[in-house]
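Undergrad: Heads up, our numbering is the position in the sequence shown plus 298, with the first residue counted as 1.
Quick reminder that beta carbons are idealized off the backbone N, C-alpha and C, glycines included.
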Amino acid sequence: MYDTGIVIRRPTKNDILPLSELVYRFYAFNEEFDSSWAIVSNAKEIATKIAESMINNTNINVFVADYDNVLSGYIKSVTNENPLLINNKIEIIKELYVKPQMRRTGIASMLIQKLSEEISKSGIKYIAVEFPVQNWIATDLYKKLGFRPYSTTYIKEV
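See below:
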């Protein structure tokens with residue numbers, strides 16, 4: 299069903315620059331949907347530092363989509379814990395981005411599948427996602443993949 303030339307893997311130090319470009323694109327893309335996502339003027343520089351920190355951070359899950367030795371997308375998630383709930387851990391996708399020319403190739407699904415496989419090893423049974431409410435592209439993707447509304451967050455300028 300999907301192109302077998304796509305490899306989903308954890309990023310390495312060699313991926314810092316291409317990963318930083320994907321991180322930058324993720325935020326620049328989401329800025330289009332909500333002004334509260336407006337990026338700073340030195341966003342590319344900061345994205346490089348973020349990409350560096352993503353490589354060795356054991357508190358997050360990060361996977362990249364490698365197609366012919368070129369990064370085409372990435373996913374980043376964190377575990378949210380609530381000891382009051384029976385299912386006390388939920389993995390939350392904070393960032394998922396696929397280059398426009400590689401969309402509709404199954405990369406997003408493959409990234410989510412790899413993340414799901416990894417988190418299930420630690421007993422996590424649920425995965426959630428956060429994105430700007432007006433990002434209809436993301437809404438359509440996640441609905442297609444079986445996600446349902448779970449929580450609502452509102453924002454207000456003060």
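Using the Cβ count rule (16 or more neighbours within 10 Å means buried), how would you classify I388?
TA: buried
Undergrad: According to DSSP, is I394 helix, strand or coil?
TA: It is worth fixing the name first, because residue 394 is Leu in this sequence and not Ile. Three-state result, L394: strand.
Undergrad: Pick out the complete beta strand (DSSP E) segments inside the region 300-343, 3 residues or longer, and give them in chain order.
TA: 304-307
Undergrad: Counting C-beta neighbours from all protein chains within 10 Å, is the total for S449 16 or more, i.e. buried, or is it exposed?
TA: By the 10 Å Cβ count, S449 comes out exposed.
Undergrad: When DSSP labels each residue in this structure, what does D364 get in the three-state scheme?
TA: Correct three-state label for D364: strand.
Undergrad: Which same chain residues end up closer than 8 Å to L413 when comparing Cβ atoms and leaving out the 5 residues on each side of it in sequence?
TA: N359, F361, I373, S375, E389, I391 and I425
Undergrad: Looking at the structure shown, is L369 part of a helix, part of a strand, or coil, going by DSSP?
TA: strand
Undergrad: Could you name the residues of the same chain whose beta carbon sits closer than 7 Å to that of Y440, not counting the 5 residues immediately before and after it, in chain order?
TA: V427
Undergrad: If you measure between the beta carbons of Y395 and F445, is that distance less than 8 Å?
TA: No, they are not a contact pair.
Undergrad: Okay, do the region 377-386 and the region 431-438 touch, 3+ Cβ pairs below 8 Å being the bar?
TA: The region 377-386 is not in contact with the region 431-438.
Undergrad: Looking at C-alpha atoms only, which residue of T437, I417 and M352 is the closest neighbour of L315?
TA: Of T437, I417 and M352, the residue nearest in Cα terms is M352.
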